[in-house]
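I have placed the structure first, in the form of structure tokens, so that the comments after it can refer back to it.
Residue numbers (our numbering), protein chains in the order written: chain A, 6 to 357; chain B, 6 to 357; chain C, 6 to 357; chain D, 6 to 357.
Rendered as structure tokens:
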């Protein structure tokens, strides 16, 4: 019965994040897609662009439209997902919110609470600083209570999700020191988007391992904001992203220095994780000695978290795996959507 | 004129390291291969096992023989490369040395100076502790003076090479603190050897990113030994290796805390590198902002080294790339061979 | 309501086909898993072996059991999937059928109608020739009418599915000549199973393209049986499989010589496809000029089919893509399961 | 002694073919690079663009220059390699030839003897039909006698090399029928060049298998020209190229129908190969049952050739492997260069 379904729009649906949103929304039992936009694909059938979706009853007959606000609003969406580049998203978020559409923005535009930090990291003034306070940071494991009533959600970045899920519980409990946190993250290539750059060509990335973007990747601002909130004190970390020859997946390895005695460290880590994620269906705790593997999470909304203790050097090593397009983007946004709409958190997201 | 060439044996030549040695020795202008052993391929022509080598004049007609000491010695080698598993290498190193053959051992058996550390990390007593003092650690950039007269060389491990090359110059100069060094290394699959284990099957490794072996990988012992020697004081580090879906290459990212002022840090790092590697043809310094990429070094003997400075968090990040089978194993052993035999260091190794 | 669900067993569930069956059955709305066997994993929780499935309500608490017929039957399954090697499957199929369990066998044991052809291609006498007539060939697009009442289904091989789907409609209509059909198929590595062989190691397969198994791959027998049935006359084809560095997917390119005039050839091909697959939700016709791409079908039950016409050389080229573990194995078996149990053909299989 | 070396230019050196030429010419003992051009990289050091080449004595200090004819000629090259797109190459070939520079053109501009066929396949009139007769087709195995005196060489395409090497000897001897030759070729992505197109991005190609370009790929014209010359009669074939997720390598599988008796077919095939390639150091015959594998030939100038006989269906299946950038482009051009300059055919090309 389509009448009960939630009318939904996807703005900017021809990139990898848009494609992942469509893949999941196409089979989401509570969603009716009413508007799917793409500047460059406007007028074409969804399935002619995404052959993979051919055969999904809910996208049959659906065509991309131009990203015109009036046309979008006319289609009657209750919720709009924005899968647009940062800087562009605000041009859609503001008018859609004004016209009563709830917005889930997957760009970086509204993730930071400080316009100054945005300007420092993104290199230009924030386009709508007044809205920064309205957006809920859509990491449901931490903002589950704010999401049901949220009109505006800023869905987290892919790297921040992989860093925050293992670290936040430990910072909240004071289990690790605030200084000296070093993060090495490995990302699949879809994380760079569908950009036609030489550096993203198959023959450049395949059989190549390289770091990039350090020491001041834009996502660092978002990580430090949420880590500082968890710690109740300012946290500055070192973050090095790497580009890996896989389509999807982020593996994060975090080096940190524990507070207190090592004898019960693993127990304290486990208890903090359990307290934080006991009710969270998408965080899977691997325990001490568990190494997360991206192949277990790609195309899902799960984050796997494990840890090992280096007693010789006095370090705790955390390991997390997620799908950069899934829990790091599309499916996490749908998890927020579910909570915003009173649906079970896992609705449409239990894929394996 | 074969009469001037150096008669050379390769013991244990059917694995990936042996194959890389053969690939390079086959075209080395000063080498005559006189014995190539493999327990499982004995009797077969080299080219029937390694089709890739078909057409190399120097391996035409050569067959694998059984690894029998008498048979090897009878072939008259001046130098023998051992590409055997640790624990097994000493069974060949000792008798070959006794019979006057210079030995370059690519296993871990003689890299450590302490039998106790060997036992701690390898889980069994050292098979020939008396020989530990005789072996020169075959990292030519650091032991260039000892190699010409060496009878016995313990060629370094793949991970240690990628960690030591960037760090040793800085520790020698006191540029980084001894505590809190965190290392994330990413290795291609050939580093695990030609083992028929489920975890190394294509369908398990491809599209997968995962850490393993932490917190006490065996190579850690070797890294800490050489780092401590460079620092003149005991150094304990945290090391996390990762298995990556590429055939070859190791990318190493090192987080460390600088000593002294940040204003001239990059200059001090550069000067230390220059002082250490100014005469080293195989270390290529990328400078500040340079991110090493394994695709520039695979199938070569080069190590590329770059660094970035994280002023916000007070960290120096070093980046190195090497080929685990090349500078991390086979070609590095040949670099030692060249020095042992009075040949130009680059002889047979300038491949691009 | 579990009481309405169909109690289901999976025999031999630790290989790649078993894993794919579990992945799909875990979320199948009409299935209750009551027995999952694995000789080597017996006693272990499913999720401890397959971390990817952790979080699926229906596998929570389920453990592998030994493949003991009594234990399996005791669990009360109405249907058992056999994901066993050929030769072994019959040892389970016969007693399970005798005890009233409907069997879907994914091995090659009961796909051929002739015990003599089985012996010719598999190199040993057929273990249960009397049962050959009872098994329905589980390619639902061709045997949709026989499946609802079938007690015993022989699910097709991966290569045969990719060859039969494009060719059968044309042979039925006499659109292509019976002689001179040449097939080149490219398969992902999971098609070779989870075997610990050197040739399947990552470092052997990655960056490698090679043919194998020609001219008499075992699947040829199965293809020719069904092609001959479609043509009403004996068809002998040439088939060359290739091993490709992807996890999953089979791309098949078929060269054949058309009968009759070229002017309306594409129309006749399209009409034959439409007549054959108009009611088939899992065959997606790309039309003339459409090149199938495995990335659009992996992890789904779809087969994409396109064609081009080479007027210069007088040839019709067919192209099909499927997932070797999906439509070529696990999901196709579940498609048969759905039909056997009066469920919608797409039940549990509309994943994108 | 640089004075004896052959002054050499590479025009259009920033693409993949140019890069491969530079990689090989940098270590070629008889070559002095005097001019290396790139419109987009003009002014930059070679090693700043190709970090992989850093450390090669012969490229140290060399910078890209603009592709200006006067500047090139002034540098004094005896030979110029053109690694330019088709259509552009003739703009350089003509003036360079006029000014006495021998030209090896790696584009498609002068491979065809017929301007009409060029126009049919390339869609525009040939830019310099008068020169078509002057160019020698630079497949040294077939034109070894013409190359020493050639002023102008049209180096073959990558696909044609892989098709011609196995087929020409058989057509010359009348061993296979001229009708019904079907070719399936699988190419690594570098074959498509360094083009910034969505379809060549890592995330589009990785884990994807697809055909393209059939039924009338441009290289077909070149194949048929040379096959017809070998057969002494017009040959029309069917050719289907596929894009594979590897960096380099072409695997070609050829289906053909033998003439005469099958009993001595393999012997006749072997004899024809031996007669044709007995003196050819770069063609390695694998014999009956030998399946060529691209991993044995990438980064070399070798072509491996094997075959199997399908007695059931009456077909001979040929298999060849080459590197599309090597024997299919750069190293083959250097093989011609060697013959043009009286050097050993293998000079600078025996890499493994």
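All C-beta atoms, glycine included, are put in the ideal place defined by N, C-alpha and C.
Flag this pair as yes or no: are the beta carbons of residue i and residue j separated by less than 7 Å?
i             : j             : result
residue 57/B  : residue 301/D : yes
residue 145/D : residue 340/D : yes
residue 216/B : residue 245/B : yes
residue 136/D : residue 110/D : no
residue 335/B : residue 22/B  : yes
residue 362/B : residue 219/B : The structure shown does not extend to residue 362/B, since chain B is modelled only from 6 to 357, so the question has no answer here.
residue 141/D : residue 155/D : yes
residue 28/B  : residue 357/D : yes
residue 198/D : residue 20/D  : yes
residue 236/C : residue 183/C : yes
residue 281/A : residue 181/A : no
residue 157/A : residue 108/A : yes
Taking the alpha carbon of residue i as the reference point, which residue from the options has its own alpha carbon closest?
i             : options                       : result
residue 186/D : 215/D, 105/D, 165/D and 241/D : 241/D
residue 291/B : 265/B, 277/B and 324/B        : 324/B
residue 127/B : 16/B, 356/B and 223/B         : 223/B
residue 177/B : 350/B, 27/B and 147/B         : 147/B
residue 313/C : 273/C, 349/C and 307/C        : 273/C
residue 294/C : 310/C, 319/C, 306/C and 10/C  : 310/C
residue 207/A : 203/C, 212/C and 159/C        : 212/C
residue 268/D : 133/D, 319/D, 98/D and 131/D  : 319/D
residue 77/A  : 104/A, 93/A and 263/A         : 104/A
Starting from the C-beta of residue i, find all residues in its chain whose C-beta is less than 6 Å away, skip the five residues before and the five after it, and write them out in chain order.
i             : result
residue 50/D  : 68
residue 227/B : 116, 162 and 165
residue 64/B  : 31, 51 and 58
residue 46/A  : 19, 54 and 69
residue 17/B  : 23, 88 and 89
Output needed for residue i: all residues of its chain with C-beta closer than 8 Å, excluding positions within five of it in sequence on either side, in chain order.
i             : result
residue 247/A : 189, 190, 191, 192, 214, 215, 216 and 217
residue 333/B : 161, 162, 163, 164, 166, 167, 196, 255 and 327
residue 337/B : 143, 144, 145, 160, 161, 166, 306 and 331
Which chain C residues are close to residue i, counting only those with a beta carbon under 7 Å from its beta carbon?
i             : result
residue 254/D : 214
residue 296/D : 215, 216 and 217
Any heavy atom of the ligand ZN inside 6 Å of the beta-carbon of residue i?
i             : result
residue 309/A : This structure simply doesn't include the ligand ZN, nor any ligand for that matter.
Residue i versus chain C: which residues are under 8 Å apart at the beta carbon?
i             : result
residue 69/B  : Result: empty, since nearest Cβ-Cβ is about 16 Å, beyond 8 Å.
residue 201/B : 201, 202, 203 and 206
Looking only at its own chain, which residues have a Cβ that is under 7 Å from the Cβ of residue i, when we skip the five neighbours before and after it?
i             : result
residue 39/D  : 12, 13, 14, 80, 81 and 82
residue 91/D  : 112, 113, 114 and 127
residue 130/B : 124
Residue i touches chain C at which residues, Cβ-Cβ below 9 Å?
i             : result
residue 250/B : 207 and 211
If I'm right that residue i touches residue j with Cβ under 8 Å, what's the distance once you round it to whole angstroms?
i             : j             : result
residue 61/A  : residue 355/C : 7 Å
residue 322/B : residue 258/B : 7 Å
residue 344/A : residue 152/A : 4 Å
residue 118/D : residue 72/D  : With 8 Å as the limit, residue 118/D and residue 72/D do not qualify as a contact, their Cβ atoms being about 27 Å apart.
Find the residues of chain B that neighbour residue i, judging by a C-beta separation of less than 8 Å, and give them in chain order.
i             : result
residue 195/C : 208
residue 2/D   : Residue 2/D lies beyond the stretch modelled for chain D, which goes from 6 to 357, so this question has no answer here.
Note down, in chain order, every chain D residue with its Cβ under 7 Å from the Cβ of residue i.
i             : result
residue 242/C : 318
residue 343/B : Result: empty, since nearest Cβ-Cβ is about 15 Å, beyond 7 Å.
List the residues of chain D whose Cβ lies closer than 9 Å to the Cβ of residue i, in chain order.
i             : result
residue 299/C : 212, 213, 214 and 215
residue 220/C : 313, 314, 315, 316, 317, 318, 320 and 322
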